[in-house]
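One structure below.
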Amino acid sequence: MCGRIFYAKTLEYTGEICYNHRLEPDVSVCCKRFRAVRVMTVTETELADVCIDVAKGLVGSGAEIYRVREHIRKILAAYSYPNAQVVLNPVECTVTLRDRAGRPVTVTGELHPGTDLDKLGKYIDAAKFIADKHPGYEVCMRRLSSVGARRRYPKRVMFVSSFIVAACGVLILGGTFPEAVFAGLLSLIVQLLRMKLEGSEASFFLMSFCCSAAVSAAAVIISAIGFVEHYDLLIVGGCMSVIPVIPFVDMMRELVTGDTRSAALKLAHLIFSLCGIFLGAGIAVAVSIKL
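Remember, the working numbering sits 1 above the position in the sequence shown when you count from 1.
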């Protein structure tokens with residue numbers, strides 16, 4: 002007897018507990034006197050915590066709300082909680098299920114929307130693994146933690162890609178080659194600022210405002226020195242990496258799926274980000290020209 006308690010659940014709950022030191026988390030039969038028994042190696046609170054962490058990972062990587070809700074419901078159904086309540090929006094997730102005594106167990110977690118396409122695929126695979134294998138709590142958290150600890154794209158890749166996007170954007174808009182080069186250099190400043198602000202958990206509005214203001218002030222100074230003629234193209238090219246394109250696409254997907262509440266919240270995020278870009282650029286240009 003190892004002392005580990007495994008709750009045996011069927012369609013009709015028996016209320017009995019099975020002790021077996023040879024039991025593994027992924028076995029499907031607890032003992033012979035139970036038929037079609039699924040061994041549950043997590044408590045209600047632990048299962049709710051797993052669902053919250055899955056929601057945090059998926060939303061923080063850029064998944065749509067309806068897709069996150071679908072994965073959470075599959076996990077709950079795999080652990081014999083198909084009727085659990087899930088309240089989900091882009092900033093908060095609440096999971097409510099009932100314990101063996103019929104008392105509700107509610108766990109709420111705060112979500113932070115973000116974009117990381119590399120981690121998104123890994124979190125989806127982790128959610129499918131949990132729903133298919135229904136492992137123990139430690140295995141679930143270890144799998145999710147391994148995905149969260151993955152390194153993002155190397156800095157050199159982010160810098161090079163940002164430079165290329167900014168330079169090509171300026172050339173497409175009719176800019177000259179020097180303007181494209183300077184726009185690419187300004188985009189590197191944006192990447193450095195984003196890394197610093199993301200570490201301090203700054204809001205999207207503040208991040209957009211600071212990046213836009215820094216790029217705009219630098220563009221006006223470069224134009225005043227005489228390196229380029231039009232500073233507006235430098236501002237557009239340098240700010241391309243902070244334009245909220247993916248949140249706009251996510252908002253349209255939420256509208257198509259009928260989740261108007263999530264779409265409204267993402268629209269507010271989109272508006273605040275754009276306002277931060279416009280205010281930062283306008284204030285920086287006005288101040289720089291006067292100076």
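Cβ coordinates follow ideal geometry from the N, Cα and C atoms, glycine included.
Using a Cβ-Cβ cutoff of less than 7 Å, which residues in the same chain neighbour residue i once the five nearest sequence positions on both sides are dropped?
i, result
"F130", "R144"
"K57", "G110 and L112"
"E65", "D251, R254 and E255"
"L194", "C211, C212 and A215"
"F249", "L271"
"E25", "With a pLDDT of 39 at E25, under the threshold of 50, the modelled position of this residue cannot be trusted, and the question is left open."
Can you check which of these residues, the options, is closest to residue i by C-alpha distance?
i, options, result
"A184", "F210, S201, V148 and V237", "V237"
"S162", "G239, A269 and G63", "G239"
"V286", "E47, K156, D233 and A264", "D233"
"L207", "S274, G175 and A265", "S274"
"Q86", "L118, G115, E45 and L121", "E45"
"G175", "L235, V43, H270 and P245", "L235"
"I190", "A220, R151, S204 and F205", "A220"
"E47", "Y80, G149, D133 and V60", "Y80"
"G283", "P248, A265 and A218", "A218"
"P114", "A150, I247, M159 and D100", "I247"
"S204", "C94, I278, F249 and V88", "I278"
"T177", "G227, M196 and H231", "H231"
"I244", "G227, V166 and L186", "V166"
"D100", "C94, N84 and R157", "N84"
"F160", "M196, D133, A225 and R151", "M196"
Please go through the same chain and pick out, in chain order, the residues whose beta-carbon is closer than 6 Å to the beta-carbon of residue i, but skip the five residues on each side of it.
i, result
"A181", "A168, V171 and L172"
"V92", "L112"
"G281", "F210, S213 and A214"
"T97", "Q86, P105 and T107"
"S62", "D117, K120, L121 and Y124"
"H135", "A79 and Y80"
"Y82", "L98"
"L198", "M208"
"M258", "Note that residue 258 is Thr in the sequence shown here, rather than Met. The answer, listed in chain order, is Y67."
"V88", "T95"
"M142", "none"
Between residue i and residue j, is the Cβ-Cβ spacing less than 8 Å?
i, j, result
"S147", "Q192", "no"
"S201", "F164", "no"
"A49", "V108", "yes"
"N90", "S263", "yes"
"P155", "V229", "no"
"V43", "V51", "yes"
Mind checking residue i: buried by the 16 CB within 10 Å criterion, or exposed?
i, result
"R70", "buried"
"I223", "buried"
"L292", "exposed"
"K267", "buried"
"K276", "A quick correction: the sequence has Cys, not Lys, at residue 276. Per the 10 Å Cβ criterion, exposed."
"D260", "buried"
"I53", "buried"
"G103", "exposed"
"G1", "Since the first residue of the chain shown is 2 and the last is 292, residue 1 is not available in this structure."
Less than 8 Å between C-beta atoms, sequence neighbours within five positions excluded: which residues of the same chain meet that for residue i?
i, result
"V55", "V69, H72, I73, I76, Y124, A127, A128, I131 and L145"
"G149", "G58 and K120"
"R151", "D119, K120 and K123"
"I226", "none"
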